[in-house]
Structure formats: C-alpha cells, structure tokens
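Sequence lines, in order, name chains A and V. Each residue of the first sequence is one higher than the last, beginning at 1 in the working numbering. Each residue of the second sequence is one higher than the last, beginning at 1001 in the working numbering. Here is the structure we will look at.
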Amino acid sequence: MPSPQMTEQQIAELKEKIKNMSPGELKEFQKKQCVFCHIISGKVQSKKVYEDEKALAILDINPANPGHVLLMPKEHYSILPQLPEDQIAHIFMVAKSLSNACLRALGAHGTNIIVANGVAAGQKANHFMVHIIPRKEEDGLVFDLPQKKIDQKKLSETKEKLAGRLAELMGKKQKKTDEATDSSLDRISGLLKDG
Amino acid sequence: MAEECLVCHIVGGRVPSERIYEDEDVIAMLDVNGANPGHCFVVPKDHFPIFEQVPDPIVAKLFKLSNKISSAIFDSLDVQGTNIFITNGIAAGQKVAHFMINIIPRKEKDGINMQWEPKQMNEEEMSTIELKLKEEAMNIGDFEAEAANVKRIEIEPSESVGGPDNYLVRSLRRIP
C-alpha cells in the first residue's frame, strides 16, 4: 500500500515489484499488507465473537447497525471465487449460525448478509468477508435494489451467455474451474490492487 | 411446498421462470426485473422462509452454486464485480417468504447502493454486544461431523400419522 511518506519513485518501484510477483509471492505480499490477516494472527486487536480453525468473526468497528459482524476465512483470499469449495460451505454454514445468534442474542428482527466482490460492488478490504448486519424495523438502513425492466432480447442474450458458462463451470472439477476463471480473477483482483 | 408462495409455484413449474440451473435440491434463475442485467437468484426447492431454517447441507449447496454463478457472471458478462445479497426477514427487506440468495452483477456507478453510514458506538456498547454474541455463538457446532451424519429423509405427511401437524412428523422435520 502506498503510504503518504513515499516518493513518486518509490511508488513506481513498488508497483513494478508487484507486477513482477508470482501468484504465490503476491499472496504473501497481500497478506503482509492485510489488516484482517493481522487481526487473525492477533497482531491487531479486535472484538472476536466466533473463531474456529478455518474462520473468524469479529465486530465491525464501523457498523451499519449495532452487532454488525464480519466473518472471514483465516487464510487470505481477496474474493469469493478464490475460496476452495469446502471453505465456502463452511463459511456460509457459520454465517447462518451467526445470523441466528444476532436474532437471538440482540433481538434483531432480521439480518442482511452481504458479500462484495470487487471495488465496483463496494468491497473496501482486500480480504474476502461476509457482512452479517442485524436489522430492526425503521433502523434507517436502506440497501437500494432498483428494479430494472430488462427487455426480452437482452434477457435471452444474458441467459444464454450465463447459462452456457455456468454449465461449463458446473461440469468441471473444482481444480479445472479455478484455472478457467483465473483470467477473470486477475481482472477483479487487479482492480482491488489499484483501489 | 407452500400454497401461497410464489417461489414454490416457480419451483413446481406453475409460474414461468428463466432457469439457468436446476438439480434435485436447488434452482437458479434470472430475475426478470433485476437490479442489473444478469441479476440471478438461487433458491432451495423445499420451502424455508428464512436462512436459519435451511439445513446445513443445502446451505453448502446453495452457496457453492452462488459462487459458480458469480464466476460465470465475471466470465461471460462485462462487469466489474458482484454482490451476494440476502434479505432475511421483513425488517431486512425480504419480500417473498422463501429463502433466496441474490447474485447481482456490478459496474461502477450503476445506481445500486450497498453502502452505509457507520453508526457511532462507544466502547461499552461494543463490549456488551461482543459478550452477548460470543455467548450465543459458543453453540455453533461441528459442521463437518454434522454434514457427515446427515441422511436425506423424505417426509410425506400421511393420514395414518395424523397429517403434517402430527408430533412425529414435526419431530422428523427437525432432523436436518
């Protein structure tokens, strides 16, 4: 991460260094820069509400509502498609239980579960996480999902592209899927690095 | 299935939909009035109103599929991100009483708001919530062991056991 003390030249050198890193080196580098990895290792303090060997859940220090939980894998991944399938299953089973905990322990009337993949989707940190936000009536929160009328031609086009690609991904073994999506992942992770 | 539930009617094929994936447990379809083109939702075929009621093995399937759809969106549509979004309960904006996962393709400045103003909370308030949640979260279980022990049980409410409200049927339903 460029810090304010760095000169133009140092920033350029850092960018060049990042560009030449192997995927393994890049992951190590991101981990060192990642505040959530520091929270997981205990170097940075946090309010932990749940922990197991794969996952950690903490309270968001800038909560959308009281009890806003951030649930993350302990290993560093930037976005959802980078997680192995067993981790995806585990994280969301824990998310369900934490949602239940919000309803029971905090008297929430509902929860929003949000994942943002990519800066355009509102992702702020370079560590994949699930937001669990307790909700009550008239709590002032609005997540605006506009309803757009999508014309039939556009809908059919989208369906064809999406269903075609999905069938390929579902048909392949997990490992092959990872390879197949590498270029897209680079695109999205690249956006994160710049952001 | 629930008589009043639109999603159950879609699952049963009585209401048309733009399906992109289906197996014995889950269905994914395009939202015809989506927030963005390519907005999909993934639902369990069985009727569960909220997240907490969905059995763990189905949760695992739903989110593995959601991940694949998210990847397919990245690969096949010209987008810069995706949101996975769940409204769980009316207070959270849930409109249909059938649990669903929204997968929303995103571009810069597409008019969708997934941001919030942080609420100011003092240290004492934060600590109180931390303790309450931590205590409740202590009961979160050993998912691998649970998943390994799950048997799929088809429940056919029948007259002989006294219909769906019979105690036996209700307790069977509690088995994941």
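No residue lacks a Cβ here, since even glycine has one placed at the ideal position from N, Cα and C. Remember, it's a predicted structure, so these values are computed and weren't measured experimentally.
If residue i sits next to residue j, beta carbons under 8 Å apart, how far is it from one beta carbon to the other, in whole angstroms?
i, j, result
"V/L1006", "V/V1096", "6 Å"
"V/I1090", "V/S1066", "Going by Cβ atoms, the distance from V/I1090 to V/S1066 rounds to 23 Å, so no, they are not a contact pair."
"V/Q1094", "V/N1088", "6 Å"
"V/K1119", "A/V49", "Their Cβ separation, rounded to whole angstroms, is 17 Å, which puts V/K1119 and A/V49 out of contact at 8 Å."
"V/S1070", "A/N117", "6 Å"
"V/F1051", "V/I1027", "The pair is not a contact, with the Cβ atoms about 17 Å apart (cut-off 8 Å)."
"A/I18", "A/F36", "Not a contact, Cβ separation roughly 19 Å."
"A/G107", "V/A1092", "With a Cβ gap of about 14 Å, A/G107 and V/A1092 do not count as contacting."
"V/V1025", "V/P1044", "In the sequence as displayed, the identity of residue 1025 of chain V is Asp instead of Val. Correct: roughly 6 Å between the Cβ atoms."
"V/S1017", "A/K161", "In fact, because the Cβ distance is near 18 Å, the residues do not count as touching under 8 Å."
"V/K1132", "A/I88", "Incorrect: roughly 28 Å between the Cβ atoms, too far for contact."
"A/A120", "V/E1108", "5 Å"
"A/K154", "V/P1037", "6 Å"
"V/E1136", "A/R104", "5 Å"
Name, please, each residue of chain A whose Cβ falls closer than 9 Å to the Cβ of residue i.
i, result
"V/I1058", "Within 9 Å Cβ-Cβ: nothing; V/I1058 doesn't reach chain A, min ~10 Å."
If you compare alpha carbons, which of the options is closest to residue i?
i, options, result
"V/D1078", "V/K1064, V/F1099, V/R1106", "V/R1106"
"A/V142", "V/R1014, V/N1033, V/N1113, V/E1136", "V/N1113"
"V/F1200", "V/I1058, V/H1039, V/V1032", "Chain V is shown from 1001 up to 1176; residue 1200 of chain V falls before or after that span and cannot be answered."
"A/R165", "V/N1122, V/M1121, V/D1023, V/I1073", "V/I1073"
"V/H1039", "A/I150, A/D60, A/I11", "A/I150"
"A/Q147", "V/N1122, V/E1018, V/I1104, V/E1108", "V/I1104"
"A/I79", "A/S99, A/M129, A/I133, A/G140", "A/M129"
"V/W1116", "A/N126, A/I133, A/E137", "A/I133"
"V/G1000", "A/H38, A/D144, A/A55", "No statement about residue 1000 of chain V is possible, as the shown extent of chain V runs from 1001 to 1176 and does not include it."
"V/I1101", "A/F92, A/H127, A/P66", "A/F92"
"A/M170", "V/I1140, V/F1143, V/I1020", "V/I1020"
"V/V1042", "V/Q1053, V/D1056, V/K1068", "V/K1068"
"A/K54", "A/P81, A/P66, A/E16, A/V94", "A/V94"
"V/F1048", "V/G1034, V/E1004, V/T1082, V/E1123", "V/E1004"
I want to verify the contact list: residues of chain A whose CB lies under 7 Å from the CB of residue i, in sequence order.
i, result
"V/D1046", "Near V/D1046 there are no residues of chain A at all, since even the closest Cβ is about 15 Å away, more than 7 Å."
"V/A1072", "L162, R165, L166, L169"
"V/I1207", "No information on residue 1207 of chain V is available, as it lies outside the stretch 1001 to 1176 that chain V covers here."
"V/R1014", "Ordered by position in chain A, no residue passes the 7 Å Cβ test against V/R1014, which lies about 20 Å from the chain."
Check the Cβ of residue i against every Cβ in chain V and list those closer than 7 Å, keeping chain order.
i, result
"A/E137", "A1091"
"A/K159", "E1018, I1020, L1030"
"A/V94", "I1140"
"A/L145", "A1035, I1112"
"A/P63", "P1118, K1119, M1121"
Taking Cβ-Cβ distances shorter than 8 Å, what residues in chain V pair up with residue i?
i, result
"A/E85", "K1064, N1067"
"A/V49", "E1130, L1133, K1134, A1137"
"A/P66", "K1119, M1121, E1125, I1129"
Closer than 8 Å by beta-carbon distance: list the chain A residues that pair up with residue i, in chain order.
i, result
"V/N1083", "I114, V115, A116, N117, A121, G122"
"V/N1036", "K148"
For residue i, which residues in chain V fall below 9 Å Cβ to Cβ?
i, result
"A/A89", "D1056, P1057, V1059, A1060, K1061, F1063, K1064, F1143, A1147"
"A/Y77", "Simply none; closest approach about 11 Å."
In chain order, which continuous runs of the alpha helix (DSSP H) of length 4 or greater are located wholly inside the stretch 37-118 of chain A? 85-106
Please confirm if the stretch 1115-1129 of chain V is in contact with the stretch 70-85 of chain A, defined as three or more CB-CB distances below 8 Å between the two stretches. no
In chain order, which continuous runs of the alpha helix (DSSP H) of length 4 or greater are located wholly inside the stretch 1045-1076 of chain V? 1056-1076
Unbroken alpha helix (DSSP H) runs of length 4 or more, entirely within the stretch 127-180 of chain A: which are they? 152-171, 174-180
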